[in-house]
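A short worksheet on the structure shown next.
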Amino acid sequence: MNDITVASSPLRPVDAVVVGASAGGVEALLAIFEGLGPDFGLPIIVVLHLPDVHRSQLAEVFARRLALRVKEATDKEPISPGTLYFAAPGYHLSVEGDYSFSFSQEARVHYSRPAIDYLFESAADAYQHRLAAILLTGANQDGAQGLYTVKQRGGVTIVQDPQEALVATMPQAALDRIKPDYILPLRGIGRLLCELERIEC
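Under the numbering used here, the first residue of the sequence shown is numbered 6, with each subsequent residue one higher.
Next up, the structure:
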């Protein structure tokens, strides 16, 4: 499959990356992040829909597979560069104006808590145009509204090619809502992250 880019302007520098995924997300995230080295400088914040569990082992699983520093986000924690954060189960994860995390147990969004929209919208408010948002495979419409908000704030919007996604519902919902900067297969998203990191300033 050829990479499909729809960006008409040069790549813009960003300070953080947010990612949303649901069904098929573990494999998709591994495919994207396995190519990132230990010196990757941007923070990456991920919401992956999970069953209601008291404890997630996502951070441990990914830490064993990746060169990046990986951890589960904690309430009130300042966001550090070069770290891959996973949202904790049972709480919405948002980014505050001082670039720290905040937990909430507000109502579910698209049957999910944590919800991708919740993270994307709060990160867009905090980082404005210096944010990149990536929406991957999934079985509901979570993330489409959040991606719209990121685009409205001038951030970089990236959607996995629905033809490649294990479940196309989520990326297709975003494409029905906005024209993103990039529509890419997973390998293309991984390469784009490297390019974003190199132009960080």
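All C-beta atoms in this analysis are idealised placements derived from N, C-alpha and C, irrespective of residue type, glycine included.
For residue 21, which of helix, strand or coil comes out of DSSP?
Strand.
Threshold first: 4 residues or longer. Then list the alpha helix (DSSP H) segments lying entirely within the segment 44-125, N to C.
The qualifying runs are 63-70.
Whole-angstrom Cβ separation of residue 22 and residue 139, contact assumed at under 8 Å?
Yes, residue 22 and residue 139 are in contact; Cβ-Cβ is about 7 Å, under 8 Å.
Report all residues from its chain with a CB closer than 6 Å to the CB of residue 67; omit the five preceding and five following residues, and keep chain order.
So the qualifying residues of the chain are 75.
Integer Cβ distance of residue 183 from residue 136, believed to fall under 8 Å:
15 Å between Cβ atoms; not a contact.
Taking the Cβ atom as the reference point for each residue, do residue 37 and residue 160 lie within a distance shorter than 8 Å?
No, the Cβ-Cβ distance between residue 37 and residue 160 is not below 8 Å.
Tell me whether residue 161 sits in a helix, a strand or coil according to DSSP, three-state version.
DSSP places residue 161 in strand when its eight states are reduced to three.
Determine the extent of the beta strand (DSSP E) in which residue 179 is found, giving its start and end residues.
Following the DSSP letters along the chain, one finds residue 179 in no beta strand (DSSP E) but inside the alpha helix (DSSP H) bounded by residues 174-182.
Please confirm whether residue 155 and residue 106 have their CB atoms less than 8 Å apart.
Result no, Cβ atoms of residue 155 and residue 106 do not sit closer than 8 Å.
Span of the beta strand (DSSP E) holding residue 136?
Where residue 136 is concerned, the enclosing beta strand (DSSP E) stretches over 136-140.
Simplified DSSP state of residue 189, which is helix, strand or coil:
If DSSP states are grouped into helix, strand and coil, residue 189 belongs with the strands.
Exposed unless 16 or more other CB atoms sit within 10 angstroms - verdict on residue 116
A residue is called buried when at least 16 other Cβ atoms come within 10 angstroms of its Cβ; residue 116 does not meet this threshold and is exposed.
Going by CA-CA distance only, name the one from 47, 180, 200, 29 that's closest to residue 73.
Each of 47, 180, 200, 29 was checked against the Cα of residue 73, and the nearest Cα belongs to 47.
For residue 33, does the three-state DSSP call read helix, strand or coil?
Note: residue 33 maps to helix in three-state DSSP.
Here's the rule I'm using: 16 or more other beta-carbon atoms within 10 Å means buried, otherwise exposed. How should residue 168 be labelled?
With fewer than 16 other beta carbons inside 10 angstroms of its own, residue 168 counts as exposed.
Closest by CA to residue 144, which one among 16, 17, 28?
Each of 16, 17, 28 was checked against the Cα of residue 144, and the nearest Cα belongs to 28.
By DSSP, does residue 26 sit in helix, in strand, or in coil?
Under the three-state reduction of DSSP output, residue 26 falls in the strand class.
Taking its Cβ as the centre, do 16 or more other Cβ atoms sit within 10 Å of residue 202, making it buried, or is it exposed?
Buried, by the Cβ-count rule.
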